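Peer 1: Those protein sequence lines, which keep their order, are chains F and L.
FYI, the numbering for the first sequence is 299 to 666, going by the working numbering.
FYI, the numbering for the second sequence is 57 to 148, going by the working numbering.
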Amino acid sequence: MSSTTPSPLALVAEVTHRCPLHCVYCSNPLELTSRERELPTDAWGRVLREAAELGVLQVDFTGGEPLARPDLADLICTARGAGLYTNLITSGRPLDEKRLDELVTAGLDHFQLSFQAAREEMANEFAGARAHKEKLQVAGWVKKQRIALTLNFVIHRRNLDQLDEMIALTEKIGPGRVEFAHVQYYGWAFANRSRLLPTRDQLDRSLEILKRAEERLKGRIRVEYVVPDYYAKYPKACMGGWGRKIALITPEGDVLPCHAAKILPGLSFENVQNRSLRKIWEQSDAFRKFRGEDWMQEPCRSCDRRTQDFGGCRCQAFLLVGDSAATDPVCSLSPRRNVVDAILAEVNAATPIAAAPKTEWLYRPNPA
Amino acid sequence: MIPALEARPRLAPGCRLRDSAGQPRVLLMPERALQLNGPSLEIVQRCDGKHTVREIVAELQARYAKAKPQKVEQDILGYLALLHDQRAVDFE
């Protein structure tokens, strides 16, 4: 088994679920981990060294908000010392210039700063917190350091028409890279989906704007974006394929093939406190369940695209049609594509929402 | 963007060669990793903000003396343009 199992290339380290923001599309599970159950510094240190030995090249420190952990600089230092490329995926709070200096000195390679909108009032509404102004200040501090900066705009129905403003803000800040990431419908976003899913017209306009920006900014700012998969013809290769490239570790140390895997029935997850990361990656039931092609149903099983998209997303199959081994229903070849089409028909028939009252959002809370 | 011969390429912030002995050389950057070998590694190793493009071309022409000098130059300019478009290299 171990000789044929590919090594993971990236480790997603969800070091905490605590967060000063309460974003309505947060990818964290609905059940959040409390502070007392978080892995301590030395356990994370061991896991990071094990990841490097296993062949991982990059680690994403994420959460929740990784800055909520006072030992973040230590974790970055350990990761860098083990030979890993270190990414910080962050809301930028709470941070000051002195702490940023400490993180950079510890070996931080790449600062990925989230933005909820270009306009302050909207950004604060989606985040459920007054964070936008501080983010602008943080971006200025990061620009003074010799590390990579990516801006990550989360886009959806309510802010997609302000894409031009987001691109203008990006140019003003001047990062090396910008991501326009459509909301993915899991966790809190699934709960708020009817308010977040864009219309077909919005999407078509936005793709034109993004293509133009990508061409115009080439060589200055790398522009990256993807089509939201409900509107796609074929599913995304979720996580680059189950158990092929990426492992995710939750704040309490459970090792998952993806962010949302805990919603899948019948799967149990092993913890890095009890077993090595290598053994979990190669042998645990959760990673073997959908690795390779044996689990696939038709039409995936005989489809030429199965080596490109690996059947799409298991969590989406479960959330939309109740079968985690089904072809991802966003696929135009899926016999259950009608479920996705019905959702889109509803979104596209509705009159445009000008400004839904704030109280209609389901906000992600902060765990104890 | 094709660089001028007097430009000094330098790895962009957040882009670096992985420094682990004995393993394949990899250029690490945001959300990407490029495996390098032979000429591509030799070019990237010289993207230090000190070598000019002209100097990199001359050094690799000397190293690959059997290849046509014109072809070596074109390949280097093309590869540097590609790295620049991916925001892996700045021309200073």
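In this text, a Cβ means the ideal position worked out from N, Cα and C, and glycines have one as well.
The model shown is predicted, which means the values in this text are computed figures rather than measured ones.
At the level of alpha carbons, what is the spacing between Lys531/F and Ser630/F?
Peer 2: 5 Å
Peer 1: Mind reading off the beta-carbon distance from Glu395/F to Ala371/F? Whole number of angstroms is fine, and I expect it under 8 Å.
Peer 2: Actually they are not in contact, since the Cβ atoms of Glu395/F and Ala371/F sit about 14 Å apart, beyond 8 Å.
Peer 1: Do you know offhand how far Gly485/F's Cα is from Val553/F's?
Peer 2: 18 Å
Peer 1: Does the region 434-444 of chain F come close enough to the region 470-490 of chain F that 3 or more CB-CB pairs lie under 8 Å?
Peer 2: yes
Peer 1: Hey, Leu467/F and Ala416/F are a contact pair by Cβ (cut 8 Å); roughly how many whole angstroms apart?
Peer 2: 5 Å
Peer 1: What does Leu355/F reach in chain L if we use C-beta pairs closer than 9 Å?
Peer 2: Arg74, Val82, Leu84 and Ala89
Peer 1: Comparing C-alpha positions only, which one of Arg391/F, Arg456/F and Phe409/F sits nearest to Glu423/F?
Peer 2: Arg456/F
Peer 1: Who are the near neighbours of Arg634/F in its chain, counting only those whose CB is closer than 7 Å to its CB and skipping five residues on each side?
Peer 2: Val619, Ala624 and Pro627
Peer 1: Between the C-alpha atoms of Arg542/F and Pro306/F, what's the straight-line distance to the nearest angstrom?
Peer 2: 6 Å
Peer 1: Give, in chain order, every unbroken run of the beta strand (DSSP E) that is at least 3 residues long and sits entirely within the region 352-400 of chain F.
Peer 2: 356-360 and 383-388
Peer 1: Given that a residue counts as buried once 16 or more other Cβ atoms are within 10 Å of its Cβ, and exposed if not, what is Pro663/F?
Peer 2: exposed
Peer 1: Between Tyr383/F and chain L, is there a C-beta pair that is closer than 7 Å?
Peer 2: Contact with chain L is found for Tyr383/F, since one of that chain's Cβ atoms lies less than 7 Å from the residue's Cβ.
Peer 1: Within 7 Å of any Cβ in chain F, is that where the Cβ of Arg14/L sits?
Peer 2: What the structure shows of chain L is the stretch from 57 to 148, and residue 14/L is not part of that stretch, so it cannot be assessed.
Peer 1: By alpha-carbon positions, which one of Asp462/F, Ser492/F, Thr548/F and Trp540/F ends up nearest to Ala511/F?
Peer 2: Asp462/F
Peer 1: Looking only at its chain, what residues have a beta carbon closer than 7 Å to the beta carbon of Val100/L, apart from the 5 residues adjacent to it on each side?
Peer 2: Cβ within range, chain order: Leu73, Leu83 and Leu92.
Peer 1: In chain F, which residues lie with their C-beta within 9 Å of the C-beta of Ala68/L?
Peer 2: Per Cβ cutoff of 9 Å: Ala446 and Gly474.
Peer 1: Going along chain L in order, which residues have a C-beta closer than 7 Å to the C-beta of Gly517/F?
Peer 2: Met57, His140 and Asp141
Peer 1: Using the Cα positions of Ile507/F and Ala123/L, report the straight-line distance between them to the nearest angstrom.
Peer 2: 44 Å
Peer 1: Alpha carbon to alpha carbon, how far is Val357/F from Ala653/F? Give it in angstroms, no decimals.
Peer 2: Confidence at Ala653/F is low in this model, with a pLDDT of 49, below 50, so the placement of that residue should be treated as unreliable; the coordinate-derived value is given next. Whole-angstrom Cα-Cα distance: 38 Å.
Peer 1: Assign Met57/L to one of two classes, buried (16 or more other C-beta atoms within 10 Å of its C-beta) or exposed (fewer than that).
Peer 2: In this structure Met57/L is exposed. Its beta-carbon is surrounded by fewer than 16 other beta-carbon atoms within 10 angstroms.
Peer 1: As a quick exercise: from Ala341/F, His454/F, Ile547/F and Lys516/F, pick the residue whose alpha carbon is nearest that of Phe359/F.
Peer 2: Ile547/F
Peer 1: State buried or exposed for Leu116/L, treating a residue as buried only when at least 16 other CB atoms are found within 10 Å of its CB.
Peer 2: buried
Peer 1: According to DSSP, which residues form a beta bridge with Tyr523/F?
Peer 2: Phe478/F
Peer 1: Mind reading off the beta-carbon distance from His480/F to Pro526/F? Whole number of angstroms is fine, and I expect it under 8 Å.
Peer 2: 4 Å
Peer 1: Count the CB pairs spanning the region 490-504 of chain F and the region 592-608 of chain F that are closer than 8 Å, and state whether there are at least three.
Peer 2: no
Peer 1: What number of angstroms, rounded off, separates the C-alpha of Pro95/L from the C-alpha of Pro304/F?
Peer 2: 27 Å
Peer 1: Give a yes or no on whether the minimum CB-CB distance between His244/F and chain L is below 7 Å.
Peer 2: As shown, chain F starts at 299 and ends at 666. That puts residue 244/F outside it, with no answer to give.
Peer 1: Below 8 Å on the Cβ atoms is my contact criterion, and I expect Pro563/F with Met537/F to pass it. Report the Cβ-Cβ distance as a whole number of Å.
Peer 2: In fact, because the Cβ distance is near 19 Å, the residues do not count as touching under 8 Å.
Peer 1: Where Cys103/L and Val570/F are concerned, what is the direct C-alpha to C-alpha distance, given to the nearest angstrom?
Peer 2: 40 Å
Peer 1: Mind pulling the chain L residues with CB within less than 7 Å of His408/F?
Peer 2: The contacting residues are Gly70 and Pro86.
Peer 1: Buried or exposed: Arg573/F, going by 16 or more other Cβ atoms within 10 Å of its Cβ?
Peer 2: exposed
Peer 1: Given a cut-off of 7 Å, decide if Ile374/F and Gly247/F are closer than it, judged by their beta-carbon atoms.
Peer 2: There is no way to answer for residue 247/F, as the model of chain F reaches only from 299 to 666.
Peer 1: Arg520/F versus chain L: which residues are under 7 Å apart at the beta carbon?
Peer 2: Gln142 and Arg143
Peer 1: Which value, in whole angstroms, describes the spacing of the CA atoms of Met420/F and Gln414/F?
Peer 2: 8 Å
Peer 1: In the DSSP assignment, what are the bridge partners of Asn450/F?
Peer 2: Ser412/F and Glu477/F
Peer 1: Ignore the nearest five residues each way along the sequence and tell me which others in Ala535/F's own chain have a CB closer than 6 Å to its CB.
Peer 2: Asp607 and Phe608
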